[in-house]
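Chemist:
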Amino acid sequence: MKLGLNTGYWSAGPPAGVAEQIAAADRLGFDSIWTAEAYGSDCFTPLAWWGAATERVRLGT
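Under the numbering used here, residue 61 is the last one in the sequence shown; the count climbs by one each step, no gaps.
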């Protein structure tokens, strides 16, 4: 079974505790972490941030 984490829509900024969630998901062996893109919220900023902060997890939108 593969596990993924979806952080959802960010609106004006990152949700509280998202950095800790991303680190924990990577450390615990989650397969993927996902973010959303919509009007007023881009997907590339969080993906770049997480790419620099993770070791093995796959990132997607």
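Beta carbons: idealized from backbone N, C-alpha and C, even for Gly.
Looking at the unbroken alpha helix (DSSP H) that takes in LEU47, where does it start and where does it end?
Modeler: Looking up residue 47 in the sequence shown gives position 47. Per DSSP, LEU47 belongs to the alpha helix (DSSP H) from 44-53.
Chemist: Let me know if PRO46 comes out buried or exposed under the rule of 16 or more other beta-carbons within 10 Å of its beta-carbon.
Modeler: Along the sequence shown, one-based indexing puts residue 46 at 46. Burial call: buried.
Chemist: Beta-carbon within less than 8 angstroms of MET1's beta-carbon, same chain only, minus the 5 sequence neighbours each way: which residues are those?
Modeler: The residue labelled residue 1 in the question sits at position 1 within the sequence shown. Closer than 8 angstroms at Cβ, skipping near neighbours: no residue.
Chemist: In terms of residues, what are the limits of the beta strand (DSSP E) holding ARG58?
Modeler: For the purposes of this step, residue 58 is identified with residue 58 of the sequence shown, where counting begins at 1. Counting along the chain, the beta strand (DSSP E) containing ARG58 begins and ends at 58-60.
Chemist: Rounded to the nearest angstrom, how far is the Cβ of GLN21 from that of LEU5, given a contact under 8 angstroms?
Modeler: As a position in the sequence shown, residue 21 is number 21, starting the count at 1. As a position in the sequence shown, residue 5 is number 5, starting the count at 1. Confirmed, about 7 angstroms.
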